[in-house]
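Asks: Numbered according to full-length UniProt numbering, the sequence shown spans residues 1 to 203.
Glycine included, C-beta positions come from ideal geometry on N, C-alpha and C.
Note that the structure is a prediction, hence the values are computed from the model and not measured.
Sending over a structure as structure tokens; questions will come in a sec.
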Amino acid sequence: RLENMLGEENRGLWVSLTGEVLEYHGRNFLLPTAFANAQTPTEPAEGAEAAPSEAAVSPADQPEPSGNRIDDLVRELEAQRAERRGIDTSFAAPSEEQAGMPVPGPRVDGTMLLNQRGRMVRSAEGGWVIAIDNDGAASEGGLPHHLRLLPCRVAAQMEWQAEIEGESWAFEVSGRLYRHGQRVYLLPRMFVSASKNNVKPLQ
């Protein structure tokens, strides 16, 4: 809905947002829950001088570029490349193959998913997604068999566990579902590893 309101505009449009800030690998993401048009800030009257917020800095006072900045840029690019191996945070349009899949209904958005059994697997793009159990309530509700994760701390913890135990790791996850275009995302709130086998061998 927010994208529809923005349309082709990418500047000059002010909105009032309410939402939840999610932290994922040192970056903040905003999950908007409500928004409204906000009035454009009034410009100062002609002839009025704007109060300087900072002291003017002459070119001679500016520090010379340092090699440390280049090193910082390299580290930032490497961190972004490593992040691509996690969940997909681009929210890009689905591929042609995914575009042909049935579109989830509008009731999906905002619904709760409780104690759904699943596994962490790699998507075709290489990011982590949840493969839900076919016998779970989610499959009965017409959801896709693979759910993408919204970036948050719980998702990062699930990634870490999946890196250790691999795609054979099974768990039960609870959270809230959100729809963006033809894709369904899960904001995980908690997860519990499923017990593999409680039967002890006879001694």
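Assuming residue 17 and residue 35 are in contact, meaning their beta carbons sit under 8 Å apart, how far apart are those beta carbons, in whole angstroms?
Replies: That belief holds up - the Cβ atoms of residue 17 and residue 35 are roughly 5 Å apart, short of 8 Å.
Asks: Residue 34 bridges to which residues according to DSSP?
Replies: Answer by DSSP bridge pairing, in chain order: 18.
Asks: Identify, in the order they occur along the chain, each residue of the same chain with its Cβ nearer than 6 Å to the Cβ of residue 19, setting aside the five sequence neighbours on each side.
Replies: Hits under 6 Å: 30, 31, 32, 33.
Asks: Can you tell me whether residue 116 is buried or exposed, with buried defined as 16 or more other CB within 10 angstroms of its CB?
Replies: Its Cβ being crowded by 16 or more others within 10 Å, residue 116 is buried.
Asks: Residue 168 to residue 72, Cα distance in whole Å?
Replies: Their backbone Cα atoms lie some 37 Å apart in a straight line.
Asks: Just to check my reading of the structure: residue 118 and residue 176 have Cβ atoms closer than 8 Å, yes? What is that Cβ distance to the nearest angstrom?
Replies: About 15 Å; that fails the 8 Å criterion.
Asks: Take residue 25 as the anchor and find which of 134, 145, 155, 123 has the nearest alpha-carbon.
Replies: That would be 155, whose Cα lies nearest to the Cα of residue 25.
Asks: Quick check on residue 172: does DSSP put it in helix, strand or coil?
Replies: Strand.
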